[in-house]
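Chains as they are written, first to last, in this note's numbering: chain G, 150 to 512; chain U, 150 to 512; chain W, 150 to 512; chain A, 150 to 512.
Built from N, CA and C at the ideal position, the CB exists for glycine as well.
Everything numeric in this text was worked out from a predicted model, so none of it was measured.
Okay, so here's the structure we're looking at.
Protein chains: 4
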Amino acid sequence: MASNSFGNIFKITTWGESHGKAIGVVIDGCPANLEIDESEINAALQLRSPGNNPYTSPRKEADSVEILSGIFEGKTTGTPISLLIRNCDSDSSKYEPVKNLLRPGHANYPYLEKYGIFDYRGGGRASARETACRVAAGAIAKKFLMKFSIKIVSYITQIADIRAENFSERIETLQKETLQSPLFCPDPEATEKMIAKIEQMKSEGDSCGGVVEFFIDSLPPGLGDPIYEKLEARLAYALMGLPASKGFEIGSGFAGSSMSGSQHNDSYIVVEDEIRTTTNYAGGIIAGISTGMPVIGRVAFKPASGIMKARQTITVEGEEAIFRLPEGSRHDPCVAIRAVPVVEAMVALVVADALLMNRSATL
Amino acid sequence: MASNSFGNIFKITTWGESHGKAIGVVIDGCPANLEIDESEINAALQLRSPGNNPYTSPRKEADSVEILSGIFEGKTTGTPISLLIRNCDSDSSKYEPVKNLLRPGHANYPYLEKYGIFDYRGGGRASARETACRVAAGAIAKKFLMKFSIKIVSYITQIADIRAENFSERIETLQKETLQSPLFCPDPEATEKMIAKIEQMKSEGDSCGGVVEFFIDSLPPGLGDPIYEKLEARLAYALMGLPASKGFEIGSGFAGSSMSGSQHNDSYIVVEDEIRTTTNYAGGIIAGISTGMPVIGRVAFKPASGIMKARQTITVEGEEAIFRLPEGSRHDPCVAIRAVPVVEAMVALVVADALLMNRSATL
Amino acid sequence: MASNSFGNIFKITTWGESHGKAIGVVIDGCPANLEIDESEINAALQLRSPGNNPYTSPRKEADSVEILSGIFEGKTTGTPISLLIRNCDSDSSKYEPVKNLLRPGHANYPYLEKYGIFDYRGGGRASARETACRVAAGAIAKKFLMKFSIKIVSYITQIADIRAENFSERIETLQKETLQSPLFCPDPEATEKMIAKIEQMKSEGDSCGGVVEFFIDSLPPGLGDPIYEKLEARLAYALMGLPASKGFEIGSGFAGSSMSGSQHNDSYIVVEDEIRTTTNYAGGIIAGISTGMPVIGRVAFKPASGIMKARQTITVEGEEAIFRLPEGSRHDPCVAIRAVPVVEAMVALVVADALLMNRSATL
Amino acid sequence: MASNSFGNIFKITTWGESHGKAIGVVIDGCPANLEIDESEINAALQLRSPGNNPYTSPRKEADSVEILSGIFEGKTTGTPISLLIRNCDSDSSKYEPVKNLLRPGHANYPYLEKYGIFDYRGGGRASARETACRVAAGAIAKKFLMKFSIKIVSYITQIADIRAENFSERIETLQKETLQSPLFCPDPEATEKMIAKIEQMKSEGDSCGGVVEFFIDSLPPGLGDPIYEKLEARLAYALMGLPASKGFEIGSGFAGSSMSGSQHNDSYIVVEDEIRTTTNYAGGIIAGISTGMPVIGRVAFKPASGIMKARQTITVEGEEAIFRLPEGSRHDPCVAIRAVPVVEAMVALVVADALLMNRSATL
């Protein structure tokens, strides 16, 4: 029910608005005795942070986390972990002039319809700033998963209509090459073209979309819960809850609809005493449960709504008007890039939860 | 947590295996005083039922529902509604010879890994038979939504690589034309080509995939709950939990990733005193909340795993083997068709729940 | 949210009205590979069943359960277990004449206020008949707990103002002596006096209350989840949800309020290499978590509302009237007796759930 | 599941340890457009705060709350409200010498058994300090309930073996007289005797228990959800989750077990066009649903475990030892007094939640 919480056993609750005093997350259900250090969480936040990267929003977010509870002598205690991130660089005066306009593609109209009130400063609760909390919580989930040798990486496979096509399927290589690209794209050639595209969008005051792929390595078979808590359903739920996401695929995805069963059915074989499949159109999940093969999926992001170009709209009173992002506003030419660490974090949260839920499958 | 339940306030719990005595669903949280008749539920089941249609599985499922509780003098009482559907035509002996094979693309291997035991008869709990319960519950959700003039239709827009391209965006026309097609495809020309393709698959003992679109009409603005219960996230969760689904899109979907913000941002206008948008790339949802525009999305289905063609695999002991569906087994050349009423039902369940949750948004 | 479900991981959902076709329960989250036989569930139902016992309601409830799903080759499969109990002996015509009266102490008025509709036949959903489903589910929970040598017994310690005072604190003796008493009271002397009291109430057409105690043996330390899921809070939640319950105690209970800390603090000692306490005022739980000592608590039941004696009331239209149970109605002089196996079942469900939740406490 | 959260729609999540940096609470699901001011929350905290009162712990807790999110221009926005309370006066060095002892009646042993790690400083997460967060959240729930004229008061009715016997049943008088007593006891004569008792316990370094009663006025009929979410079950769950609580009663409670049905059944009458009952043994709830009569119940608290008197125990290694609270430790001679505002807060949270859940009972 609680719409600001995610997870069953490994559960997070986030709070905070873009231009309020702070944002934060409470992680409940993380098992005891896991070593956690603030620096590990901050390293994860750094990857998401804008201002580091010429291709994302110029907002400076130092985004350093303060651990307020749940850690004792460097380890989790089984009690809730409260993380606080103070907001800085949050001058909201520039949003005043447009506060009475319905912003095309933006949260303000639906929020006003729902609640009758909207903290319009920087998008308030609907700001992508909230995703910093997901990344912080995800860092802890990833630390937990490392205890079971489960690794996750996510990366850009498309920006606008440019597709990454040449990249490794070995997790270590993928992780390395992703971090080498300023766009988190493991295909260096595609990266070049994408940079050009983003530069163009930036100069035009426009924005472009993108696709983020995730890859889960060494996930044991048997995770995920039929019927309504299927692993792919949980992943879709987690990722379609990200700002600006418009599509989700697991394994063959939409392309799988054009295949025949005789192509799509992955044959089982034994490789070095482990059960594997010859192909992996399933994407590592069958009937909602992991098969032991890599889990691979994708999320489509639309172009961000906040652009400099003028757009026809109306005021809250229904009069015609023109909306354009105020001078000096942050403008993010491609939000998909910043979504990369967020996708990774959400996938980690889903998998950590599935791992704990699976402890009750048998006697 | 409970993986056989779906929904927050309007909540269903399903149970039952393909070849057990019966399947059923308990609907908890349906408001009191809604008129419900068994015949309405049976009519919905009829649309999903195989055996009616030369293009789907030959299994005969009379699928008539028995209401066991929750209705008094023709109306809901606020107490749980229990629906029972007896299984007939469920000879399971034919599955005996293949019970020790890992079936490519099928649930048996991951279930065995998870639980150490699997009711292999007809796919057991993992059978698409479970979706009859979703359809029965969805019929009640749709009845509830009718009280608020909210209508839902779903239909085939792709089978194999054949796409439906010409169809109405008016709900009444869409509903009518969908029901006129034996494949639930509102484009008659495409229907012809799709039929030919399915006939071909059938004769080859193979299967093909497809895409189902859903369309929600007259949904008021303000439904859906940020941050983790966004309306599109709930829809994705519901629909990626369907057997054989591999992808989900809302509005522009994956195509939206190739668009620019200046294209994608739907402009607000006033039409006949109502706030509308000039385009609807958002698909009727922004920031997780409905905008009052039609909600449009899609689900991709892979080809069914159960085919007559031989496929390389291994036994549970790890020895090489050949799997093919036993002679006389049901073979469904395109499960996407049977998924059409199931998609509609799940969408209805999500919307009914969102409507009730929204009652607590304001004082 | 769903008010007809109970439990987090080991979860039940019940449905059905007293005079409908059937009642039933779906058990979701029971681990796979547990041997279950219908006869075990029926044996548990037999203990609760009225008509066996001259001191409870004369309603004949054969109460034989049909397992509809979730068991394969005699074992649980991890999928939901659906249990069905058909209603028989459910002539409801006798309730017609009083259907427009507000029954003192009965569910009809509050249900009408809440839902605007009430299935008045035999109390509808509010009937204690629903507790048969709890007992059936509890039988499975107890079977699961037996795998961990955890045993539960409940018994009468008070009827009207007569208290049981001499009984064993050894689980085996308690179980044996409880079953030897027609009132489930392990103190034979008190049983005699209680029988006389019940006979008197019966002849006067009146009813009396009682107290049921529960005793959990061999519960390992560490079960229960702080802060809001404390083990005693879960037990109170489970047991205050029983029809007619008005009070709950754990350990010292209300008497503990009159004690001093120096008396109440149970000292730790080592006995045969196990950590024990010298006294057990805590009742086996401290700070919401089990200590390894026996868990002991009590539930107070009011006298049943359905009596033959006339009582002043009003009609639904607000006019003065006299209510008395119609001739030939079932009349239960002491519902506390029939509550004994229900208390045991609910305690088993709470403990099974706590045991599974505890699997996620540590890495 | 998440054991640090409470509520279905109006939901709180608390975090923080006694001697950590801070404690806090996130309130999710509070309807939008409710006016909230920090000073209102601080006023509620002030009542719970120790150090104000010679009869409770000398710990100084300024306990001033900082609102970090969810309020915009003085009103709730429907987004989560994050409240932070910094810890001061939290020198934990005095706990060092006893950290390896199993403290009789205290949380440390069961926490160690469960998690294998325990933040022993001041009781860590198990400290009653956590209840400050409940009070802060409860202040917001009470503000919400005021919109519907629902009022709640709680007060001491027993300390050690001294009972309050003469007090009003009018809410305004009760509220006034409760606040006039330093022990929150509305009976001035009993207050005198209780003060003497507490002074004695204090001088002996011992502690005593007590009973807190709550009274809900003007609660409309129809709130509460059968079968497992009965209003009294939710109240019991909320209140048996408080530190040191050992018993719960609604209406007649344990005394009701000694009554006959002909006494206990409250007769309906019409008073000034409203349906009332002549007596109120039900305590304002029948079959889990409110009747419109005042809801009255009680919670029993044991004496606090932290006393100066020596007590036999063992070390974590199992060796015999003596435990006594270190010199200079805070010692609370009667925690029941400090529990009064906490009971009120938890009752408010339960009622606010029930009010919102009830919005979905009918079409």
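> Rounded to a whole number of angstroms, what is the C-alpha to C-alpha distance between Thr464/U and Asn249/U?
Replying inline: 6 Å
>> For Thr340/A, report the span of its alpha helix (DSSP H) as first-last.
In response: 337-353
> Helix, strand or coil: which one does DSSP assign to Glu279/U?
Replying inline: helix
> In whole angstroms, what separates the C-alpha of Ile438/G from that of Tyr260/U?
Replying inline: 7 Å
> Per DSSP, Lys224/A forms a beta bridge with which residues?
Replying inline: Glu184/A, Phe221/A
>> So with CB distances below 9 Å, who are the chain W contacts of Ile266/U?
In response: Ala181, Asn182, Phe221, Glu222, Lys224, Thr225, Thr226, Gly227
> On the three-state DSSP scale, how would you describe Ala470/A?
Replying inline: strand
>> Suppose only complete runs of 4+ residues qualify. What are the alpha helix (DSSP H) ranges in the segment 426-502 of chain A, listed by chain order?
In response: none
> Expressed to the nearest angstrom, what Euclidean distance is found between the alpha-carbon atoms of Val492/A and Leu388/A?
Replying inline: 7 Å
> Quick one: what's got a C-beta closer than 6 Å to Gln195/U's C-beta in the same chain, skipping five residues either side?
Replying inline: none
> Quick one, are the C-beta atoms of Gly165/U and Ser218/W less than 7 Å apart?
Replying inline: yes
>> Determine, for Ser509/W, whether the minimum Cβ-Cβ distance to residues of chain G falls below 7 Å.
In response: yes
>> Between the alpha carbons of Val489/W and Arg312/A, how many angstroms are there, rounded?
In response: 32 Å
> Would you call the segment 303-319 of chain W and the segment 355-371 of chain W touching, i.e. three or more CB-CB distances under 8 Å?
Replying inline: yes
> Is the Cβ of Asn249/G closer than 7 Å to any Cβ of chain A?
Replying inline: no
> Which of the three DSSP states, helix, strand or coil, is assigned to Ile190/W?
Replying inline: helix
> Applying a beta-carbon distance threshold of less than 7 Å, which residues of chain U neighbour Gly178/A?
Replying inline: Ser509
>> If I follow the unbroken beta strand (DSSP E) through Leu233/G, where does it start and stop?
In response: 230-235
>> Report the CB separation of Ala193/G from Leu233/G in whole angstroms; it is logged as a contact under 8 Å.
In response: The pair is not a contact, with the Cβ atoms about 16 Å apart (cut-off 8 Å).
>> Between which residues of its own chain and Glu381/W is the CB-CB distance below 8 Å, once the five residues before and five after are set aside?
In response: Gly373, Ile399, Gly432, Ile434, Gly437, Gly446
>> Let me make sure I understand the geometry here. Which of Arg479/G, Ala281/G, Arg383/G has the alpha-carbon closest to that of Lys243/G?
In response: Arg479/G
>> Does the structure place the segment 157-164 of chain W close enough to the segment 271-288 of chain W that three or more beta carbon pairs sit under 8 Å?
In response: yes
> Glu166/G touches chain D at which residues, Cβ-Cβ below 9 Å?
Replying inline: The chain labelled as chain D is not found among the protein chains of the depicted structure, namely G, U, W and A.
>> Using 8 Å for Cβ pairs, my map puts Arg270/W next to Ser241/W. What's the rounded Cβ distance?
In response: 4 Å
>> For Lys458/G and Cys282/G, I'd like the C-alpha separation in whole angstroms.
In response: 30 Å
> Which residue from Lys291/G, Arg235/G, Cys179/G puts its Cα closest to that of Ile220/G?
Replying inline: Cys179/G
> Ile120/U to Glu321/U, Cα distance in whole Å?
Replying inline: Beyond the ends of chain U as shown, which are 150 and 512, falls residue 120/U; an answer cannot be given.
> Quick one: what's got a C-beta closer than 7 Å to Gly169/W's C-beta in the same chain, skipping five residues either side?
Replying inline: Asn236
>> Using the three-state DSSP reduction, which class does Ser154/A fall into: helix, strand or coil?
In response: strand
>> Any C-beta of chain W within less than 7 Å: which residues of the segment 400-423 of chain A qualify?
In response: Gly400, Ser401, Gly402, Phe403, Gly405, Ser406, Ser407, Met408, Ser409, Gly410, Ser411, His413, Asn414, Asp415, Ser416, Tyr417, Ile418, Val419
> Exposed or buried, Asp422/U, counting other C-beta atoms within 10 Å across all chains shown (16 or more means buried)?
Replying inline: exposed
>> When you compare the CB positions of Glu378/G and Ser152/U, do they come within less than 7 Å of one another, or not?
In response: yes
>> Against chain G, with Cβ distances strictly below 7 Å, would Arg283/A count as a contact?
In response: no
> With 16 as the cutoff for other CB atoms within 10 Å, does Met506/U come out buried or exposed?
Replying inline: buried
> Glu362/U by DSSP, collapsed to three states: which one?
Replying inline: strand
>> Rounded to whole angstroms, what is the Cα-Cα separation between Phe363/A and Asn157/G?
In response: 33 Å
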